[in-house]
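In my numbering, the protein residues as written are 1 to 407. Worksheet: the structure to be examined is printed underneath.
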């Protein structure tokens, strides 16, 4: 599977090292993976699961938290809150560069982190935890003998998995403030909890607490015989198999366009409330995702395109694409098209060309800029072609909308 390595800016300005494992074929959905405490993106469990998921069509972003692996910053200055913030920034990077993650996966403390971050990643529709604690403060058990010294002196050196780390009082204070169960009860996303009954690092009782607190849809899968770090490749492969099978119900992923029997022209647009803010919506079209919202002046949070923005964007994109198809077919020297649109309401009596004579009308102003050595006749013809764009025709003709409630 191809792996792209790059950096993105973390929540506090540091450059965080990342790896994106992608399938050889089409990407069915994007996932974001959070590794365990003091681990890194290349820990065996994270790498094996990501590669196995990529083999099944999911692109997986894994990255080193601040001060770990190849990422910048000092681990001693990081906290659980900063890890959560870095997860949100990783999701932002995926959204900007590819598509927002539809699936969040967290191993050990990374599982607690994805549960805490999930409400800030609106497009994520499913969450998976692997050996996750029900309380971030659980990690203090790894250095219990030094906790008193950390509180008294402000910091102390500890040994974790045979490596030296500095833990500061701020870290202890931060994890003490987190009520992870509150995030779990308000998750509003499908949840899969995977845990080994014999996990001697994070006990199975943690999975029980998470499961009981979560609302449906929720699932539990026992990783019988596995250790906390999933050091046996068969365990990580099994985790990947289960994740793909389980997530397919919630992510609308398909093996291919052919297997779905759905053409690109007929694929559904799904709009779902995120319940973040008053109006925010997650819009999913096949493998593509974006946010819709209202501007602040209209009572929204301005986190995405407004409904009329989406309408104008559809018309503008269709206009430019139609002109491109014609220009290429006729070998016209059209180098680039820019379409600028504006929607407004006008009085019907102010429109001499309109059939409606009273009340208010919707008006869309469309300004088309054509770059390239086009002559006057070519420019005139391209403007005529612009009006033949399918979306233009739809908007200027009678439209029938059928609405029904689901059973």
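Glycine included, each C-beta is placed from N, C-alpha and C at the ideal position.
Please work out which residues of its chain come closer than 6 Å, Cβ to Cβ, to residue i, disregarding the five sequence neighbours upstream and downstream, and give them in chain order.
i: residue 221; result: 194, 242
i: residue 171; result: 79
i: residue 181; result: 213
i: residue 319; result: 339, 386, 389
i: residue 270; result: 284
i: residue 190; result: 126, 217, 250
i: residue 149; result: 156
i: residue 426; result: Here the chain comprises residues numbered 1 to 407, so residue 426 is not present and cannot be evaluated.
i: residue 153; result: none
i: residue 128; result: 105, 192, 243
i: residue 358; result: 348
Quick one: Cα of residue i to Cα of residue j, how far?
i: residue 206; j: residue 245; result: 24 Å
i: residue 288; j: residue 86; result: 23 Å
i: residue 59; j: residue 90; result: 14 Å
i: residue 384; j: residue 406; result: 42 Å
i: residue 48; j: residue 233; result: 7 Å
i: residue 259; j: residue 272; result: Confidence at residue 259 is low in this model, with a pLDDT of 41, below 50, so its placement is unreliable and the value that follows should be read with caution. If I take the Cα positions, the gap works out to 25 Å.
i: residue 140; j: residue 155; result: 13 Å
i: residue 126; j: residue 199; result: 24 Å
i: residue 186; j: residue 356; result: 49 Å
i: residue 330; j: residue 240; result: 49 Å
i: residue 281; j: residue 351; result: 35 Å
i: residue 395; j: residue 250; result: 33 Å
i: residue 98; j: residue 41; result: 19 Å
i: residue 257; j: residue 102; result: Residue placement at residue 257 is poorly supported in this model, since its pLDDT is 42, which falls under 50; the coordinates are not used for a value here.
i: residue 19; j: residue 324; result: 35 Å
i: residue 317; j: residue 174; result: 47 Å
i: residue 34; j: residue 238; result: 18 Å
i: residue 348; j: residue 327; result: 36 Å
i: residue 165; j: residue 248; result: 39 Å
i: residue 299; j: residue 374; result: 45 Å
i: residue 286; j: residue 268; result: 7 Å
i: residue 261; j: residue 162; result: Confidence at residue 261 is low in this model, with a pLDDT of 44, below 50, so its placement is unreliable and the value that follows should be read with caution. C-alpha separation (whole angstroms): 53 Å.
Within the continuous beta strand (DSSP E) that includes residue i, where are the two ends?
i: residue 219; result: 218-222
i: residue 33; result: 29-34
i: residue 297; result: Careful: residue 297 lies outside any beta strand (DSSP E) and carries neither H nor E.
i: residue 356; result: That residue, residue 356, is in no beta strand (DSSP E); it is neither H nor E in DSSP.
i: residue 205; result: Per DSSP, residue 205 belongs to no beta strand (DSSP E); it is in the alpha helix (DSSP H), 204-213.
i: residue 106; result: 103-107
i: residue 21; result: 15-21
i: residue 51; result: Looking at the DSSP string, residue 51 is not in any beta strand (DSSP E); the run it does join, the alpha helix (DSSP H), is 44-55.
i: residue 269; result: 269-273
i: residue 158; result: 155-160
i: residue 61; result: 58-63
i: residue 128; result: 126-130
Quick one: what's got a C-beta closer than 8 Å to residue i's C-beta in the same chain, skipping five residues either side?
i: residue 305; result: 290, 291, 292, 293, 313
i: residue 88; result: 11, 117, 120, 121
i: residue 295; result: 302, 306
i: residue 160; result: 37, 38, 142, 143
i: residue 278; result: 294, 299, 300, 301
Under 8 Å between the Cβ atoms of residue i and residue j?
i: residue 63; j: residue 17; result: yes
i: residue 137; j: residue 202; result: no
i: residue 124; j: residue 104; result: yes
i: residue 32; j: residue 68; result: no
i: residue 364; j: residue 337; result: no
i: residue 113; j: residue 30; result: no
i: residue 361; j: residue 346; result: yes
i: residue 130; j: residue 107; result: yes
i: residue 3; j: residue 21; result: yes
i: residue 224; j: residue 196; result: yes
i: residue 228; j: residue 315; result: no
i: residue 57; j: residue 95; result: no
i: residue 341; j: residue 381; result: no
i: residue 54; j: residue 26; result: no
So, for residue i: in the same chain, excluding its five sequence neighbours on each side, which residues have a beta-carbon less than 7 Å away from its beta-carbon?
i: residue 184; result: 115, 210, 213, 214
i: residue 82; result: 11, 12, 66
i: residue 263; result: No answer about residue 263 holds up, because its pLDDT of 49 lies below 50 and its placement is not dependable.
i: residue 14; result: 66, 71, 72, 73
i: residue 236; result: 45, 48, 49, 52, 230
i: residue 275; result: 188
i: residue 204; result: 195, 197
i: residue 322; result: 385, 386, 388, 389
What span of residues does the alpha helix (DSSP H) with residue i cover, start to end?
i: residue 87; result: 80-97
i: residue 343; result: Run containing residue 343: none in the alpha helix (DSSP H); it sits in the beta strand (DSSP E), 336-347.
i: residue 195; result: Residue 195 -> not in any alpha helix (DSSP H); beta strand (DSSP E) instead, spanning 190-195.
i: residue 401; result: Run containing residue 401: none; DSSP gives neither H nor E here.
i: residue 169; result: 169-177
i: residue 378; result: 376-386
i: residue 251; result: 233-251
i: residue 313; result: 307-329
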